[in-house]
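First comes the structure, then the notes that go with it.
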Amino acid sequence: MVGDVNYAAEKRERMQRVQRAKNYADSLRNSERPDTIIVCDFDRFRIHDLDSDDPEHNYEEFRLEELPEQLYLLDFLVDPELERRRREEKVSIDAGELIGKVYDLLRAQYIDPDSEDSKHSLNVLCVRLVFLLFAEDAGLFAKDAFYNYLKPVPADRVRPPLTELFVYLRTRPEERAPYASDALKAFPYVNVGLFEADVEVPQFTQQIVDVLLEEVSDGTDWSQISPTVFGGVFESTLNPETRRSGGMHYTSPQNIHKLIGPLFLDELKAELDGILTAQGVGDRKRRNDLNRFHDKIASLSFFETFIPRRIQMRSPVQSRPSTRSSDAPSTTQRSLR
1 MVGDVNYAAE KRERMQRVQR AKNYADSLRN SERPDTIIVC DFDRFRIHDL
51 DSDDPEHNYE EFRLEELPEQ LYLLDFLVDP ELERRRREEK VSIDAGELIG
101 KVYDLLRAQY IDPDSEDSKH SLNVLCVRLV FLLFAEDAGL FAKDAFYNYL
151 KPVPADRVRP PLTELFVYLR TRPEERAPYA SDALKAFPYV NVGLFEADVE
201 VPQFTQQIVD VLLEEVSDGT DWSQISPTVF GGVFESTLNP ETRRSGGMHY
251 TSPQNIHKLI GPLFLDELKA ELDGILTAQG VGDRKRRNDL NRFHDKIASL
301 SFFETFIPRR IQMRSPVQSR PSTRSSDAPS TTQRSLR
């Protein structure tokens, strides 16, 4: 009985320590807020993930004597980028699974979901929805533009305004209806070809609307998602063979780099590092060297996992303004900005 009382008291004290630390973290500005709380009584370590749904009960625990074997759990203390990658990977996988949920719900609404036309329409519809979700969180659209557009619409009436939105997005500004609703006017012209064709859009249910708006749109920050990780999971969502085989799979950026690093990427990384860290080099020469490096890789389209992070190191040196047509931006060109 005494042991039970002591255990309960210790558990209560640990939870109070976690709550005090969490209250302090919540009082900080977003830019200063930690992702993790570590609680230690010199015997047990508990690592609480503040990004989880239930931080107080979602933790990793180990004893002091287990520290050598569990030290990897503290890697984020010496490598903050590692924790960012882990968080980004989790958010991206969760988002991919949510889109898989939307996919299944929408598929059930098609009259003949196994027809080639319906499968194609469903895939295109999901890609369009993902684009809209990214765009409203990444600043391409006004914040929550897509959420605010559909939120007031009853579930059984979502189909017409959604198809109207697709048409509006592909319509050039000078050709748009002058009396379009304010909700539609919140969306800019999107010249990527994604919205050009008319596709079959099924009737929506209240469940689909709730999942799409509350879980996928409002409940997920799409600007924090890794295109590489999410892309692999999303591709599995749209692949019937993968879904029938029982799951979604993706190749992590780390495994991608293990393959392409020795082939050519390590050499390019070393070249870029040399440009960025060269001593005694003026801004003009460094800018010219960066421009030549840019031209060298401008025809490539697989640097999404590498260039965006590394190119930020060039800081005060800016790459030259683009002289290419705005109608045909390359992936590398976009990443280097």
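Read in the UniProt record's numbering, the sequence shown has 27 at position 27, and its numbers run on one by one without any break. All C-beta atoms in this analysis are idealised placements derived from N, C-alpha and C, irrespective of residue type, glycine included.
Reference residue i, options the options, closest by Cα
| i | options | result |
| --- | --- | --- |
| N58 | D35, E66 and L77 | D35 |
| S226 | P262, R85 and R286 | R85 |
| L125 | E215, E89, E66 and L162 | L162 |
| L64 | D79, R46 and V78 | R46 |
| W222 | D41, F146 and D104 | F146 |
| L268 | G282, I297 and R287 | I297 |
| A186 | Q206, R157, V216 and A135 | A135 |
| F131 | G96, P154 and S52 | G96 |
| V158 | L106, V281, N23 and L67 | L106 |
| A183 | R172, Y168, Q16 and E175 | Y168 |
| L101 | D137, Q206, V216 and N291 | Note that residue 101 corresponds to Lys in the displayed sequence, not to Leu. For the residues D137, Q206, V216 and N291, the minimum Cα distance to K101 belongs to V216. |
Unbroken alpha helix (DSSP H) run spanning residue i, endpoints
| i | result |
| --- | --- |
| F131 | E116 to A138 |
| I37 | Per DSSP, I37 belongs to no alpha helix (DSSP H); it is in the beta strand (DSSP E), T36 to C40. |
| Y168 | R159 to R170 |
| R284 | D283 to I297 |
| V209 | Q206 to D210 |
| Y147 | A145 to L150 |
CB of residue i within 8 Å of CB of residue j, strictly
| i | j | result |
| --- | --- | --- |
| F195 | F166 | yes |
| R87 | E61 | no |
| R172 | V190 | no |
| Y110 | L122 | yes |
| Q16 | E56 | no |
Buried versus exposed, by CB contacts within 10 Å (16 or more), residue i
| i | result |
| --- | --- |
| A197 | exposed |
| V192 | exposed |
| H54 | Going by the sequence as given, residue 54 is Asp instead of His. Result: exposed. |
| A278 | exposed |
| A180 | exposed |
| R128 | buried |
| H48 | buried |
| R309 | The predicted position of R309 is uncertain, since its pLDDT is 40 and thus under 50; no value can be drawn from it. |
| S92 | buried |
| L150 | buried |
| A141 | Ala is not the amino acid found at residue 141; the sequence shown has Phe there. F141 should be labelled buried. |
| F234 | buried |
Checklist line | Unbroken stretches of the alpha helix (DSSP H), 4 residues or longer, contained in the UniProt domain "MmeI-like N-terminal" (20 to 109) | finding: Correct list: 67 to 70 and 80 to 107.
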